[in-house]
Amino acid sequence: MPSVDTFESMLKQGTDNALLRYSLASALVNESRPADAIEHLQAALQFDPDYSAAWKLLGKCFAETVDYTNAKATYEKGIAVADAKGDKQAAKEMAVFLRKVIKKTDDL
551 MPSVDTFESM LKQGTDNALL RYSLASALVN ESRPADAIEH LQAALQFDPD YSAAWKLLGK
611 CFAETVDYTN AKATYEKGIA VADAKGDKQA AKEMAVFLRK VIKKTDDL
């Protein structure tokens with residue numbers, strides 16, 4: 551996978567789209583930088599609000615940064631988006647992650 555620097559360079563050169571933002575966010579998550587990935591995932595969703603994978607990764611980033619309120623809302627929205635476009639696997643995965651977030655908030 552290309553590095554964060556590669557994706558940031560592309561962004562600085564004027565390339566900006568949902569896939570680039572998602573790829574940059576994924577690279578940041580792989581470097582254990584979920585907080586930095588959030589803004590890029592939100593930008594990806596501005597380009598393509600139906601991007602199920604971006605919803606799923608954004609929920610994960612919020613959960614990893616212990617922002618359970620936004621994680622819950624993100625997974626709920628992502629499940630609705632995935633269901634609407636027939637992306638059953640993504641919806642199922644986000645439902646599992648949503649249950650984990652809810653359990654964590656119940657344990658607080």
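Residue numbering for the sequence shown follows our numbering, beginning at 551 and increasing consecutively. Using N, Cα and C, we set each Cβ at its ideal position, and we do this for glycine too. Computed from a prediction, not measured in an experiment: that's the story for all the values here.
Can you say whether residue i is buried or exposed, counting buried as having 16 or more other CB atoms within 10 angstroms of its CB?
{"i": "Asp555", "result": "exposed"}
{"i": "Arg649", "result": "exposed"}
{"i": "Pro584", "result": "buried"}
{"i": "Asp657", "result": "exposed"}
{"i": "Glu643", "result": "buried"}
Could you spell out the range, first to last residue, of the alpha helix (DSSP H) harbouring residue i?
{"i": "Asn620", "result": "618–634"}
{"i": "Arg571", "result": "568–580"}
{"i": "Asp598", "result": "Unbroken run through Asp598: none, as it is neither H nor E."}
{"i": "Ser559", "result": "554–562"}
{"i": "Arg649", "result": "638–657"}
Can you name, in chain order, every residue of its own chain whose Cβ lies under 6 Å from the Cβ of residue i, other than the five neighbours on each side?
{"i": "Thr655", "result": "Tyr618"}
Taking the straight line between their C-alpha atoms, what separation do you get for residue i and residue j?
{"i": "Ala593", "j": "Lys610", "result": "16 Å"}
{"i": "Asp586", "j": "Ala630", "result": "25 Å"}
{"i": "Asn567", "j": "Glu558", "result": "12 Å"}
Ignore the nearest five residues each way along the sequence and tell me which others in residue i's own chain have a CB closer than 7 Å to its CB.
{"i": "Tyr625", "result": "Gly609, Met644, Phe647, Leu648, Val651"}
{"i": "Ala621", "result": "Gly609, Phe612, Ala613, Val651"}
Who are the Cβ neighbours of residue i in its own chain at under 8 Å, not counting the five residues just before and after it?
{"i": "Pro552", "result": "Ser573, Ala577"}
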